[in-house]
Amino acid sequence: MKRPRWRMPSPGFVLILLTLAATAGLFAWGLQEPQLHRAWDLTARLEREDATPPTAREITAVSRVLAAYPEWATTIADGRPFAMLEAPGSGCIRFETSHLMVPPSEGPVRLVLTCPGADGLDVSITPPGAAPVSAQCGPQPQVLSIPGAGTARLVSVHRSPGPNYGDDRTCPVFLTPRPEDLAAAPAPEPPAQEEGDDAAKD
Numbered sequence: 017m018k019r020p021r022w023r024m025p026s027p028g029f030v031l032i033l034l035t036l037a038a039t040a041g042l043f044a045w046g047l048q049e050p051q052l053h054r055a056w057d058l059t060a061r062l063e064r065e066d067a068t069p070p071t072a073r074e075i076t077a078v079s080r081v082l083a084a085y086p087e088w089a090t091t092i093a094d095g096r097p098f099a100m101l102e103a104p105g106s107g108c109i110r111f112e113t114s115h116l117m118v119p120p121s122e123g124p125v126r127l128v129l130t131c132p133g134a135d136g137l138d139v140s141i142t143p144p145g146a147a148p149v150s151a152q153c154g155p156q157p158q159v160l161s162i163p164g165a166g167t168a169r170l171v172s173v174h175r176s177p178g179p180n181y182g183d184d185r186t187c188p189v190f191l192t193p194r195p196e197d198l199a200a201a202p203a204p205e206p207p208a209q210e211e212g213d214d215a216a217k218d
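Here my numbering = 1-based position in the sequence shown + 16.
Right under this line is the structure:
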């Protein structure tokens, strides 16, 4: 009795499999990519001096991007232990509610609170799953600490009610890393946005 011989799949069958695989990949890309575009658009919008605070939808997009691309926090922080999402270069707490981008860290994350000419201003940092850390501005810088975590995080920062600040010259309150904590290593490459992509945006 002859064994049935194995036959090569027909070109049509192979084409169907490739089409299904491409469709699944496109669907997965579509679920993630709009969030990445929205997060990048937010960082561009926040560069304007007259920028308004991030919306809840924008913050949700950033949180989802951090979950999918932890290196994005390191990119925004430029190799530092953290950066303010709304002012990554200076650390200005621009809005009553701002946000820290904190890359994964093994130990505690230390932050220097500096308030030139803003004595008495209250600042509160609320790490996910940890107790809030609060301080009141004084004439001298203060070192605050939040627990480290193995994942990239978006941490809420609240300050006393007041105006929004568009530039470093008018901003009275900053959160920056300690000089000794600044990383010497360059930041990794960010998740790329290809030119010409027209991802769906709400």
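Backbone N, C-alpha and C define an ideal beta-carbon position, used for all residues, glycine too.
All of these numbers come straight from a predicted model, not from anything done at the bench.
Below 8 Å, enough C-beta pairs join the segment 157–171 and the segment 112–123 to call them touching: three or more. In this structure, C108 places its C-beta atom within 8 Å of the C-beta atom of D184. Partner residues in the beta bridge of V125, as assigned by DSSP, are I162.
In this structure, D135 sits near P155, with a CB-CB distance shorter than 8 Å.
Judged by their CB atoms, T130 and T192 are nearer to each other than the 8 Å cut-off.
Look at I92 here: in three-state DSSP terms it is helix. In the three-state DSSP reduction, R64 falls in the coil class, being neither helix nor strand. Boundaries of the alpha helix (DSSP H) around A84: A72 to A84. Residue pairing by DSSP places V171 opposite L116 in a beta bridge. Between the segment 62–70 and the segment 158–169 there are fewer than three C-beta pairs closer than 8 Å, too few to call the two in contact.
Within the DSSP secondary-structure output, S140 pairs in a beta bridge with S150 and H174.
Assignment of beta-bridge partners to L101 by DSSP yields no partner.
Cβ neighbours of R175 within its own chain (closer than 7 Å, five residues either side excluded): I109, E112, L137, D138, V139 and V189. Taking G123 as reference, the option from A89, L58, S79 and A165 with the minimal CA-CA separation is A165. Rounded to whole angstroms, the Cβ separation of I141 and V128 is 12 Å, and the two are not in contact under 8 Å. Distance check between W56 and each of G145, R64, A84 and V78 places V78 closest, using alpha-carbon atoms only. About 5 Å separates the beta carbon of E74 from that of L58, a gap short enough to meet the 8 Å contact definition. For the pair A93 and P86, the Cα-to-Cα distance works out to about 12 Å. An exposed status is given to E65, since fewer than 16 other beta-carbon atoms sit within 10 Å of its beta-carbon. DSSP places F190 in the uninterrupted beta strand (DSSP E) bounded by F190 to T192.
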